[in-house]
Amino acid sequence: MNTLTHCFPSLRWIIPAMLVAGCRTGGELVPIRSPDPVTAAQASLVSILAIGPTSAEVIVKSIRLEAAGWRLTARSPEGSTLPIPSGETTDLKEFRLTTLRLDGLVGGQTYQFRLAFRFAEQDSITAIRSYTHRLSTSPHWTRLAHAAFSGGDYTACPVAVDGICGSNPDNGCGHPGIGAYVGNRVQLLRYAGPQQDRLDTRIYDRATDSWPFFAGGENRTPRQGMIQYNLFHFKGVDRYQFSGLGYITEERAPGKYFYYHDMSVQLPVGGSPVYPLYGGEDGEVAFFMTTDEAYFLTQNGSPAMRSIHATFTQTVRAPLPEPPGTLATFSIRNIGYVVNQRPGLPTRLWAYDPAIDVWTRRADFPGPSRRRGTAFSLARNGYFGLGLTPDGQGLRDLWRYDPGTDRWQYVTEYPGQGNQLLAVFSAPDGAKPQRAYLGWGYEAQRTGTGVNRIVGCTDWWELTP
């Protein structure tokens, strides 16, 4: 039996084509909303990963550029230029990856990398990235295979598609809760552009470290910001895979987003629409999960919260105790955590106990102020970081939260390219091995002219505690 067919024995979606009657003006959503079916010739510095006490692996991604079409330089804190060796190039059809090894680095020192190239064979661009050399064994990063696509949307919502381990906490779509374990495969949905008749479905296979071809997909109106997640019912035995919501933009109504409120579920015996439609307000949602229920808040909206049970029941819950900014969420042992990022205010952490419908304020995040940070849980700890500074500079720091001590601690830098809207998936508590996947998303890229570029990313990483 074909492996992917076995993963989806009855992928029959029955989807109501219902668009909410209304729209919202403005809002902070995906940075790049226009499809880009033909990505312009360009280059990006994808990753810098310490591989030894004095060495690092550097990867440059080029789209329709020959090796002579870009130039990488690196400077030490004293201003001396580091020698850049020739690298090994891999052709992935949509783009090329060039892997370089740099030696002679000093631990704790910060180096500046500059990548110069001609964008679309016209404008000269120099992208700048700082890197502090640290060799860390805990937590540990492993570079995984790139997803070979360009254009469209670089955000996605991952869920497990095999390897069920029953009712264990800490798993989900960048908002971990209880659910299935990622045995080997994770499914990601992405918006490939309005010219497509369905959403693009990608499968990552950890056993082969590859993105095998999958001919199926979500046969519904293409949209951005669609979510998917797993819930369990009947004492954690049956896995229900929910998907829906999202929004579209319309060229004839610039600056407005039209929101879907539909939701469908894949049951063990087939597919079904969820009724009634999602009853929350228009807007981009943030959510976390427990064993059999998902809890929804609206980014930059009202503090109202509601939940959807595995049986489709919707319940109004206690509101977040303060107005939400951009939200990042995770779950640990059936407690939901929300990191509230509001401009000019402390970054607060709130814990929600669904058993008593009560919010509790926890320790404020001690790192730099940001928006669009990424959060997930792993091995009964929460993680939060990345995102953008108030002036739009990209961050890659990652901090760990211990719910037992109510303390935050800086732990590592993300070695990949993206710094906002990453796709994140983490293994449930108790699963072996404990790991999280991070990747895709967008990079706010600093340039030599001081103008930030927003670049789509396709790299994929594993983090183990």
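Oh and the sequence shown: position 438 is 505 in the working numbering, straight run, nothing missing. All C-beta atoms, glycine included, are put in the ideal place defined by N, C-alpha and C. In this text the structure is predicted, and so the values were computed from the model without any measurement.
Quick check: the region 124 to 144 against the region 160 to 178, are there 3 or more CB pairs under 8 Å?
Touching, yes, given that three or more Cβ pairs across the two stretches are closer than 8 Å.
Between which two residues does the beta strand (DSSP E) harbouring F186 extend?
Within the sequence shown, residue 186 is the residue found at index 119, counting from 1. Here the beta strand (DSSP E) through F186 covers 177 to 186.
The beta strand (DSSP E) with L488 in it runs from where to where?
Indexing the sequence shown from 1 puts residue 488 at position 421. Counting along the chain, L488 falls outside any beta strand (DSSP E), and DSSP gives it neither H nor E.
Use the C-beta contact count for L412: other C-beta atoms within 10 angstroms, 16 or more gives buried, fewer gives exposed.
Here residue 412 corresponds to residue number 345 of the sequence shown, with the count starting at 1. By the neighbour-count criterion, in which 16 or more other beta carbons inside 10 Å mark a residue as buried, L412 falls on the exposed side.
What does F443 pair with, by DSSP beta-bridge criteria?
Residue numbering aside, residue 443 sits at position 376 when the sequence shown is read from its first letter. According to DSSP, F443 bridges with Y450.
Sort Y314, H376, G368, M372 by Cα distance to P533 and report the nearest one.
Coverage of the chain is limited to positions 68 through 532, which leaves residue 533 absent and any answer about it impossible.
Need the endpoints of the beta strand (DSSP E) that A511 sits in, please.
Here residue 511 refers to the residue found at position 444 of the sequence shown. Element bounds for A511: 509 to 514.
Do I294 and V352 have their C-beta atoms closer together than 9 Å?
The residue you call residue 294 lines up with position 227 of the sequence shown. The residue you call residue 352 lines up with position 285 of the sequence shown. The answer is yes: Cβ separation under 9 Å.
Could you tell me the alpha carbon to alpha carbon distance between P206 and R319, rounded to whole angstroms?
Sequence index remark: in the sequence shown, residue 206 carries index 139 (1-based). Sequence index remark: in the sequence shown, residue 319 carries index 252 (1-based). Between P206 and R319, the C-alpha separation is close to 48 Å.
Assign A110 to one of two classes, buried (16 or more other C-beta atoms within 10 Å of its C-beta) or exposed (fewer than that).
For this step, residue 110 is matched to residue 43 along the sequence shown. By the neighbour-count rule (16 or more Cβ atoms within 10 Å), A110 is buried.
Decide if the region 388 to 396 is in contact with the region 329 to 336; the criterion is three or more beta carbon pairs, one per stretch, under 8 Å apart.
No: the two stretches stay apart, fewer than three of their Cβ pairs being nearer than 8 Å.
If I measure Cβ to Cβ from D103 and keep anything under 6 Å in the same chain, skipping five residues before and after, which residues do I get?
Looking up residue 103 in the sequence shown gives position 36. The pLDDT assigned to D103 is 45, lower than 50, so where the model puts this residue is not dependable, and the model offers no usable value.
Under the DSSP definition of a beta bridge, which residues are partnered with A117?
Position 50 of the sequence shown, counted from the first residue, corresponds to residue 117. Paired residue(s): A123.
For N251, tell me which candidate among Q512, I521, G146, K499 has the shortest Cα-Cα distance.
The count along the sequence shown starts at 1 and reaches residue 251 at position 184. Minimum Cα distance to N251 is reached at K499.
For A385 versus I402, is the C-beta distance shorter than 9 Å?
Indexing the sequence shown from 1 puts residue 385 at position 318. Indexing the sequence shown from 1 puts residue 402 at position 335. Going by C-beta atoms, A385 is not nearer than 9 Å to I402.
Would you kindly report the start and end of the unbroken beta strand (DSSP E) that includes Q189?
For the purposes of this step, residue 189 is taken as residue 122 along the sequence shown, with counting starting at 1. Taken as a continuous stretch (DSSP letters only), Q189 belongs to no beta strand (DSSP E), as it is neither H nor E.
I'd like to know if L489 contacts chain C, where contact means its C-beta is closer than 9 Å to some C-beta of that chain.
Of the protein chains in the structure, only one exists, and it is not chain C.
Assign P98 to one of two classes, buried (16 or more other C-beta atoms within 10 Å of its C-beta) or exposed (fewer than that).
Along the sequence shown, read from residue 1 onward, the residue named residue 98 stands at position 31. In this prediction, P98 has a pLDDT of 41, which is less than 50 and means its spatial position is unreliable; what the coordinates show is noted afterwards. So P98 counts as buried.
Would you call the CB atoms of L132 and A215 closer than 9 Å?
Within the sequence shown, residue 132 is the residue found at index 65, counting from 1. Within the sequence shown, residue 215 is the residue found at index 148, counting from 1. No, the Cβ-Cβ distance between L132 and A215 is not below 9 Å.
For A135, does the three-state DSSP call read helix, strand or coil?
The count along the sequence shown starts at 1 and reaches residue 135 at position 68. A135: helix per DSSP, three-state reduction.
In the DSSP output, which residue or residues are listed as bridge partners for E529?
For the purposes of this step, residue 529 is identified with residue 462 of the sequence shown, where counting begins at 1. In DSSP, E529 forms a bridge with T209, Y504.
Helix, strand or coil for M372, going by three-state DSSP, please let me know.
Residue mapping note: residue 372 aligns to position 305 of the sequence shown, counting from 1. Note: M372 maps to strand in three-state DSSP.
Does the distance from the C-beta atom of L505 to that of F443 stay below 9 Å?
Position 438 of the sequence shown, counted from the start, is the residue given in the question as residue 505. Position 376 of the sequence shown, counted from the start, is the residue given in the question as residue 443. It is a contact, given that the beta carbons lie within the stated cut-off.
With respect to the beta strand (DSSP E) encompassing E360, which residues constitute its N-terminal and C-terminal limits?
By one-based count along the sequence shown, residue 360 stands at place 293. Counting along the chain, the beta strand (DSSP E) containing E360 begins and ends at 360 to 365.
Is it the case that the Cβ atoms of G322 and Y345 are separated by a distance below 9 Å?
Numbered from 1 along the sequence shown, position 255 holds the residue referred to as residue 322. Numbered from 1 along the sequence shown, position 278 holds the residue referred to as residue 345. No, the Cβ-Cβ distance between G322 and Y345 is not below 9 Å.
Count the other CB atoms, across all protein chains shown, that sit within 10 Å of the CB of Y198; report buried if there are 16 or more and exposed otherwise.
Here residue 198 refers to the residue found at position 131 when the sequence shown is read from its first residue. Under a 10 Å Cβ-count criterion, Y198 is classified as buried, with 16 or more other Cβ atoms of the shown protein chains found around its own Cβ.
Would you give the residue range spanned by the beta strand (DSSP E) that K323 belongs to?
Locating residue 323 in the sequence shown gives position 256, where the first residue counts as 1. Where K323 is concerned, the enclosing beta strand (DSSP E) stretches over 323 to 326.
Between which two residues does the beta strand (DSSP E) carrying T357 extend?
Residue mapping note: residue 357 aligns to position 290 of the sequence shown, counting from 1. That residue, T357, is in no beta strand (DSSP E); it is neither H nor E in DSSP.
So, using beta-carbon positions, are P482 and W528 closer together than 9 Å?
Taking the sequence shown and counting its residues from 1, the one referred to as residue 482 is at position 415. Taking the sequence shown and counting its residues from 1, the one referred to as residue 528 is at position 461. Yes; because the gap between Cβ atoms is below 9 Å, this pair is in contact.
Cα-Cα, which of V478, R467, T441, T516 is closest to G508?
Reading the sequence shown from its first residue, position 441 is the one you call residue 508. For G508, the closest alpha carbon among the candidates V478, R467, T441, T516 is that of T441.
On the three-state DSSP scale, how would you describe W417?
Counting from one through the sequence shown, the residue named residue 417 turns up at place 350. In the structure shown, W417 sits in a strand (DSSP, three-state: E or B).
Give me the Cα-Cα distance between Y362 and L416, rounded to the nearest whole angstrom.
To locate residue 362, count along the sequence shown from 1; it is residue 295. To locate residue 416, count along the sequence shown from 1; it is residue 349. Approximately 16 Å between the Cα atoms of the pair.
In angstroms with no decimal places, state the Cα-to-Cα distance between T148 and R265.
Position 81 of the sequence shown, counted from the first residue, corresponds to residue 148. Position 198 of the sequence shown, counted from the first residue, corresponds to residue 265. If I take the Cα positions, the gap works out to 49 Å.
From the DSSP secondary-structure annotation, give me the bridge partner or partners of R520.
Taking the sequence shown and counting its residues from 1, one reaches residue 520 at position 453. Answer is Q512, bridged to R520.
Would you decide whether Y477 is buried or exposed? Buried here means 16 or more other CB atoms lie within 10 Å of its CB.
Along the sequence shown, read from residue 1 onward, the residue named residue 477 stands at position 410. Taking every protein chain shown into account, the CB of Y477 has fewer than 16 other CB atoms within 10 angstroms, so this residue is exposed.
What separation, rounded to the nearest whole angstrom, lies between the Cα atoms of N297 and F354?
Within the sequence shown, residue 297 is the residue found at index 230, counting from 1. Within the sequence shown, residue 354 is the residue found at index 287, counting from 1. A direct Cα-to-Cα measurement between N297 and F354 gives close to 12 Å.
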